[in-house]
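Numbering (this note's numbering), first residue to last: 422 to 540.
Here a beta-carbon is modelled for each residue, glycine too, at the ideal position from N, C-alpha and C.
See below:
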């Protein structure tokens, strides 16, 4: 569907010949849909769910990357700053309780957020 306003008409008819029509205009904006950023496509986080170790692989990293892992209460439980050209970072979750965590990865002002499940 192209960007912009689109008018649609709906007509309903019953078995006795009665009918009714109505028009609706739907506007498609240029910011609809899902976009995968270059940062998202260059980062691989595995395994998920995890037992003890979480691996983050980074392709073509030429910049500093900030990692922040928080629990459900929003408390920082792990934090790390990776130097440029880092290709893999391993996080040790063995001292953390089982549950849901969130990892935030920031590079060049762009942020990727993911859920992590620890079993």
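Could you name the residues that DSSP lists as bridge partners for residue i?
{"i": "residue 463", "result": "BP columns for residue 463 are empty, so no partner."}
{"i": "residue 515", "result": "None, per the DSSP bridge assignment."}
Quick one: is residue i buried, meaning 16 or more other Cβ sit within 10 Å of its Cβ, or exposed?
{"i": "residue 502", "result": "exposed"}
{"i": "residue 479", "result": "buried"}
{"i": "residue 538", "result": "exposed"}
{"i": "residue 486", "result": "buried"}
Roughly how many angstroms lie between the CA atoms of residue i and residue j, to the nearest whole one?
{"i": "residue 513", "j": "residue 447", "result": "49 Å"}
{"i": "residue 540", "j": "residue 471", "result": "6 Å"}
{"i": "residue 469", "j": "residue 477", "result": "11 Å"}
{"i": "residue 438", "j": "residue 533", "result": "56 Å"}
{"i": "residue 425", "j": "residue 507", "result": "43 Å"}
{"i": "residue 509", "j": "residue 488", "result": "12 Å"}
{"i": "residue 515", "j": "residue 474", "result": "7 Å"}
{"i": "residue 530", "j": "residue 491", "result": "19 Å"}
{"i": "residue 484", "j": "residue 511", "result": "18 Å"}
Is the beta carbon of residue i sitting closer than 9 Å to the one on residue j?
{"i": "residue 536", "j": "residue 521", "result": "yes"}
{"i": "residue 430", "j": "residue 441", "result": "no"}
Quiz item: Is the segment 487-502 touching the segment 456-468 in the sense that three or more CB pairs, one from each, lie closer than 8 Å?
Solution: no
Quiz prompt | Stretch pair the segment 461-479 + the segment 523-537: three plus CB contacts closer than 8 Å | solution = Contact holds: three or more Cβ-Cβ distances are below 8 Å.
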